[in-house]
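Let me begin by presenting the structure, written as structure tokens, before commenting on it.
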């Protein structure tokens, strides 16, 4: 399980990096960020990129700040960065909670937020966050910068709108309004494993009614997404068991589950129903 | 393939080595620096046997390339004791029978050392979470947890 | 347990092994390198079953850094891998070739070997080997009809049978007949260190060496010497630190033979280190069996007869153990219970999957699950408690020794000692069984899905027939114990040192224990089937007694005292009746025994002796395990909340290490019960090839475990009274957890297969719910 040979490029600016990826993308050159997904894939030789553009030396990517009504997350921000109370408000609380569900401690010190989105594993927690929070993904290439709304981003399992010659330099997460509550629940066989399904829900509760609900699922389909029909049930409804049950049932029904030799679609559907209820219950608490 | 000349700073010593870019940090430590205390259990980042401390953070050395570690301070099991004075974790592992075959031991020790340095007052739930990062096939974990708790208490105690 | 003993035996002493292992100074096989070594990499079959038309190695050979590439054609002189314990004619034609010859029979089977200057290059070259094949039908289930192994042979390679009494009659006369159909999943030892082997040929001395040996170095030397046509004096095995054994490490595999053959041929050291993907498809699997078993019982629940038909999924080839797991399955199944009549019929079948062999508690993890499932269902059928049915059938302490006309490891089953009911009482008292029932009922009333289960078992350990050891005291008083044992991390050195120190009256830390080296001692039993402590410790004891006698005899002359009046304390021979009087150090006695010493007085030189221990039968430790579980009915997830393991070891040399063995075994058993499984798809493609798919429990999944180590029934078959400890923790975990899950669901017998994965349990819960709605 030794990786195949590659040429290691270590640009120190984004401009340099996009030049390099433009040159090497046609021959399967790849971006190396935290490496916590790419390096294992290379160890199994399921990927043999002849060029790696290592973006770990690009100081510009060390970006984690609130600008206007969005949180800007640069491509060198590691998972563990979200655990240190650096981000205020419900957005910070949500990110810190979810971070603790991602793999294990030594993975979180290297793996990056943007890397997770670029890799787009169906079970990635950050991908679910991006989907639910309507993230904007900022891609750079020699042709310049473009912003991809998350609804146009995921295309299939580990397939996104990101072109091979683009670098995902930043993700912008619209901040959750004050008073937003959230619930997150995932199920995995062991602590830290890839989740078989996850549910993330955010909402405000005003005068006993649900306001601005967002409901998304991850791990259960080819890529995470919001379920507008579930949000429609939630919107304006009373935050109670009846609402949760209806919403959870519809979530399960609306699912187009991943199915493989180990995990059935039906089981994932059951999980989504149960996890939805649990996520809702967290909101209530 | 072309090798690169790099220098690794490991346990306060400088190792000038020549490696292909694809050489993992774990392999470079073992093969080029002769530091075979860092073990490989899976080479895909799950088992944690290769856990070391780079730039103050615990990392899986099988998921980094050696060329990425230049200019960083690297610490491995060989540098955990202070000369002949064992680290409290090392003593606690022996006293609590926290190892049998010893293959996972360096990874657990470096994991615990790195985390306790960052968070000496770590609570028990978080400690269990952290120690669940690595696999052990012999001990059943109970004694590892006991050893780390004991060492953490000793390290917190005023001297 | 007893009060703290005076000598080293029975004390929880710290391990001698630890200092190098906590400081990064361990020396595992991958840590060993020799000048000019080549790295071997195997090309493995990507086909589950196929005929080989051609293999193309040219591109690999052309890669710079590649020294040679072998296929089966390059090693015609090397035959298939033999069975360790002798010839089994019927199985011979099924043995695995070192490299595939004309057929591929599992994904992972070695097809070609690359030898290169560097492990990375060797892997590059392996990628360049291609093969042209013709696919053949794939068999992935042992309970499907047998197919063709080759043009002549069936995949049902053998049928094993054991039994006694007239089961037919018993079933005719039974009050009730209870039948179940249960399966154990395919899982295995999966040590954290993968396998490794380094072959080295010293042409100057004409000695071939294998570094990286484990488990049974001496027995493997015999097999390898035969295979290579060498004298055992010209072939040596060396055991480095071993990162876990569990039965799978240290058997002879194709890779061990290849590094030796290549070292001989190339006259260069050849190193092979297995990677994890290889480990999960090439190292022995284990456990997979399906049992259709039925019991005839009387109205009281007494077991009149059992008929046990099973299908043993051996994978693609028999391995070094041949039929052992299937045979053990037959012989050990009745466990701690009386049984009127018994018939076992095992189908030993080959499938297109990784070959299987022994994994910690082979044949017991499986049969404890099967038998205890059966007892739970019997209890339910008769409306009795699970405990009452077990008590009704337990063999009593006053019936020991208790023999049955069954065999395990070609040894007649004869339990040496034990008080099974007494140990059950201890467990129930510790957990407070009745109070636990009340507590669980209350929790269920509140909507929780919780339950408790238990399982009883008889272990086996210490199979002989013989082992020897040498003890030598040098002139500084340092002691070397040379054994043919093996260390797989279990604390072998510490235990041997404790036994020697107890006998010789020295500090155990002054003792250096040699193991796993065929160049230091001619014979050795190794470390397998929980026999190291029983066999080797008793041999060390015998050798140390001789050294003691010799030391006292010489000291008696020097001190002018009768040997009987002398004792050894802290390495000094002293006079019992004269504390503070003249004494003499063991090192000094060794000095008097130098070849040139005049005070030797015709004795053989050296303060040294060899001792042997012989035994006719195994010893049978026993235990029980109790689980409390909570089920998440929504997800099907099972949480083990509490666990108790009670085990009677006869006599614990080091209770700290015994407890360690039990705890570690338990977590492996937990893996087999809930998490670990080698899955295949219908085409024979292995699905569990990473540690993200083959799920070893972490600390997070591990509950609090209470351990009761009892010493009520010392073995009557060795002077130290020892029984083995290695396999007790794992033996009944599947059984106890299944029983607890049943209890939580309120439906005895609902768990019929291991592992109990969330998805499977969810399905069971849905089926039960559907049934209760429709009824």
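Protein chains in written order, with the numbering used here: chain G, 1 to 285; chain B, 1001 to 1159; chain L, 2001 to 2775. Just so you know, even glycine gets a beta-carbon here, dropped at the ideal spot from N, CA and C.
Cβ neighbours of residue 2118 of chain L within its own chain (closer than 8 Å, five residues either side excluded): 2039, 2065.
Taking 9 Å as the CB threshold, residue 1075 of chain B stays off the interface with chain G.
Non-local beta-carbon contacts of residue 62 of chain G in its own chain, meaning distances under 8 Å to residues more than five positions away in sequence, involve 74, 76, 77 in chain order.
Per DSSP, the continuous beta strand (DSSP E) segment holding residue 2414 of chain L begins and ends at 2411-2415. Put simply, the backbone Cα of residue 2107 of chain L is about 5 Å away from that of residue 2047 of chain L. About 5 Å separates the beta carbon of residue 2312 of chain L from that of residue 2289 of chain L, a gap short enough to meet the 8 Å contact definition.
Beta-bridge analysis with DSSP links residue 2347 of chain L to L:2159, L:2311. Note: residue 2623 of chain L is bridge-paired with L:2457, L:2647 in the DSSP secondary-structure output. Membership of residue 2500 of chain L in any beta strand (DSSP E) is not indicated; the residue belongs instead to the alpha helix (DSSP H) covering 2492-2504. Scanning L:2380, L:2021, L:2231 for the CA closest to the CA of residue 2180 of chain L turns up L:2380. Non-local beta-carbon contacts of residue 246 of chain G in its own chain, meaning distances under 7 Å to residues more than five positions away in sequence, involve 233 in chain order. Along the length of the region 1020-1081 of chain B, whole beta strand (DSSP E) runs at least 3 residues long occupy 1051-1054, 1057-1060, 1073-1075, reported in chain order. DSSP, read as helix, strand or coil, puts residue 61 of chain G in helix. Contact check for residue 2241 of chain L against residue 1042 of chain B fails: the beta carbons are separated by 9 Å or more. Counting only the Cα atoms, residue 1050 of chain B lies some 29 Å from residue 2045 of chain L.
No Cβ-Cβ contact shorter than 9 Å links residue 2590 of chain L with residue 2369 of chain L.
In the DSSP assignment, residue 2577 of chain L falls outside any beta strand (DSSP E) and carries neither an H nor an E. Counting C-beta atoms within 10 angstroms of its own C-beta, residue 180 of chain G has 16 or more neighbours from the protein chains shown and is therefore classed as buried. With a cutoff of 9 Å on beta-carbon distance, residue 1094 of chain B and residue 2019 of chain L are scored as near each other.
A Cβ of chain L is located within less than 9 Å of the beta carbon of residue 1047 of chain B. Taking 9 Å as the threshold, the shortest C-beta distance from residue 2036 of chain L to chain B does not fall below it. For residue 2763 of chain L, the uninterrupted alpha helix (DSSP H) segment begins and ends at 2758-2774.
Residue pairing of residue 185 of chain G in beta bridges, as defined by DSSP: G:199. Excluding its 5 nearest sequence neighbours in each direction, residue 2414 of chain L has C-beta neighbours in its own chain below 6 Å: 2401, 2403, 2617, listed in chain order.
Cα atoms of residue 2224 of chain L and residue 2215 of chain L: separation of roughly 15 Å, rounded to the nearest angstrom.
For residue 2191 of chain L, the nearest beta carbon of chain B is closer than 9 Å to its own beta carbon.
Contact between the region 7-18 of chain G and the region 48-63 of chain G is established, with three or more Cβ pairs separated by less than 8 Å.
In this chain, the beta strand (DSSP E) harbouring residue 2292 of chain L covers 2289-2297.
Under the 9 Å criterion on CB atoms, residue 2643 of chain L is classed as non-interfacial with respect to chain G. Looking at B:1007, B:1125, B:1121, B:1115, the one whose alpha-carbon comes closest to that of residue 1053 of chain B is B:1115. Residue 2115 of chain L and residue 2271 of chain L have their C-alpha atoms some 9 Å from each other. Residue 244 of chain G counts as buried, since no fewer than 16 other beta carbons sit within 10 angstroms of its beta carbon.
Taken through DSSP and simplified to helix, strand or coil, residue 2614 of chain L comes out as strand.
With a threshold of 9 Å between beta carbons, residue 2591 of chain L makes no contact with chain G. Ranked by Cα distance from residue 2689 of chain L, the first of L:2643, L:2248, L:2278 is L:2278. Here the alpha carbons of residue 2615 of chain L and residue 2718 of chain L stand approximately 7 Å from one another.
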